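Worksheet for the structure shown next.
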Amino acid sequence: MTIKITRNPNPRPVPTGDFGFGSIFTPHMFIMEYKNGAWGSPEIKPYGPFTLDPAVKVLHYGQEIFEGMKAYRNPEDGSVHMFRPDKNIRRFTLSSERMCMPTVDEDLFLEALDTLIDLDREWVPCSPSALYIRPTMMGTQVGLGVKASTDYIFFIIIGPVGSYFSGGITPLRLRAEERYVRSAPGGVGYAKTGGNYAAALLPIQQAQADGFDQIIWLDAKEKKTVEEMGAMNIAFVYEDRIITAPTGDTILNGVTRDSVGVLLKDMGYNWQEVHPPIAEICEDAHSGKLKEVFACGTAAVVTPVGVIHYQGADHQIADGAEGPITRKLRETLTGIHTGCSELHPEWIHKVPARGNG
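Laid out in structure tokens, this is it:
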């Protein structure tokens, strides 16, 4: 299927300096509409707002999914690469199925990404910054009543980003959330849908008001085992093993999480997927058994954790600084992202330069 391109007649210049996160977007966006049981013609058009009826389904019942991806610039030849886009595309499909939405042809999805990024190629910054990619689908049928929408809009917006956390790469202070839960068995925790994130806003806001960077989600039933962080996965480093919660219907199967597991096994570490007991984690932090803790996700890549707060007390991880395994993982992943590393070339998708930009 051919993607129609309508160029922005007045594109604004590429910004310089600190990009922040998620507030700057390129001059173009991809859009495709679903009506009468089929997808319409795909189009890239000037970035701009949608006009939505106040009664569209997404505004009332939250029928919406999205993805988070990144593209990187190679510092040597200027080429642009996406990191494991097939994983994100597949997860988008799983999310759409869970939220009773139509799926997008995965080959067309990748072609849309390639074409849009190539058109706005000059907006892809050099490391440590990156181009953030946000594919989204929402139900747009007009009418109230709790049922799946018949109409949808699938769109992609992109923009340069800096560090996800305002403090950059500094050890995080986390609070284990003992009241609220992110998801429960049988729910939509494994789907990347907006409601999961909306439900997290209050506990994260409360934690940040108390001086913490983020929260740790515990299991919904007993609140005894670690599941993930506010918006990313989390892992715990011991002398003889590195553990993280197994994926399932309550935990998002992170692309960075999967990549970290593969890299750690490559390095000879014992990567285990178990349910980490929060009380034991804190005890091991005090005894020195717990050597490092790190968070991992597309937005933050690999970020150290310095303190975990649980049951009214701070539990410092080792000396509170970034550990060697966390640092090595981040540096290794960054090298792969930009195409500077020879490790796992199958993870890198080079965006074709077609002269669209």
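End of the sequence shown sits at 368 in our numbering; the numbers just go up one at a time, nothing left out.
Where is the CB? At the ideal position from N, CA and C, for every residue including glycine.
Since this is a predicted model, take the numbers as computed values, not measurements.
Backbone CA spacing between residue i and residue j [nearest angstrom]
i	j	result
Y264	A256	The question names Tyr, but residue 264 is Asn in the sequence shown. Looking at the two C-alpha atoms, the distance is approximately 10 Å.
M40	R252	44 Å
L213	S298	33 Å
M93	M80	8 Å
V67	I14	26 Å
W358	I347	8 Å
I319	I328	8 Å
F120	I100	7 Å
I128	G222	38 Å
A82	E342	16 Å
M112	V312	29 Å
V271	Y143	20 Å
P182	R365	41 Å
L130	A218	41 Å
T349	P136	11 Å
E294	I245	17 Å
R18	P171	19 Å
K361	E333	32 Å
R186	A220	12 Å
I42	R109	22 Å
E78	L301	32 Å
P65	Y58	22 Å
V25	Y175	20 Å
T337	L124	30 Å
V448	D230	Limits of the chain in this structure are 12 at one end and 368 at the other, which puts residue 448 out of reach.
H261	M243	At residue 261 the sequence reads Thr, which differs from the His that was named. Each residue's alpha carbon lies about 13 Å from the other.
R184	F247	15 Å
M12	T147	20 Å
T314	P22	35 Å
A211	V91	34 Å
Q152	K46	9 Å
Where residue i sits in the DSSP three-state scheme
i	result
Q322	coil
Q152	coil
F165	strand
E353	coil
V172	strand
V362	coil
L70	helix
T147	strand
T27	coil
L301	strand
A306	strand
I128	helix
T314	strand
T104	helix
E44	strand
A202	coil
A49	strand
E87	coil
C293	helix
N99	helix
N207	helix
According to DSSP, residues forming a beta bridge with residue i
i	result
H39	P57
L119	Answer by DSSP bridge pairing: none, since L119 is not bridged.
Y191	None, per the DSSP bridge assignment.
E75	M149
L185	Q225 and I319
P288	T236
L142	A82 and P171
K15	E54
V157	Answer is none; V157 lacks a bridge partner.
M93	A82 and H360
Residue i Cβ short of 7 Å to the ligand SAM heavy atom set
i	result
Y58	Looking for the ligand SAM in the displayed structure turns up nothing, as the structure carries no ligands at all.
Practice task
Please determine if the region 278 to 287 and the region 306 to 314 are in contact, where contact requires at least 3 C-beta pairs separated by less than 8 Å.
Solution key: no
Practice task
Indicate whether the contact test is met: 3 or more Cβ pairs, each with one atom in the region 39 to 50 and one in the region 160 to 178, closer than 8 Å.
Solution key: yes
Handout entry: 3-residue-minimum beta strand (DSSP E) runs that sit fully inside the region 209 to 284, ordered along the chain
Key = 225 to 229, 237 to 240, 244 to 249, 253 to 255 and 282 to 284
Handout entry: Cβ contact check for the region 188 to 205 and the region 265 to 283: 3 or more pairs under 8 Å
Key = no
Problem - Complete beta strand (DSSP E) runs within the region 321 to 350 (minimum length 3 residues, chain order) - result: 324 to 327
Handout entry: Touching by the beta-carbon criterion (3+ pairs, under 8 Å), the region 86 to 94 and the region 67 to 76
Key = no
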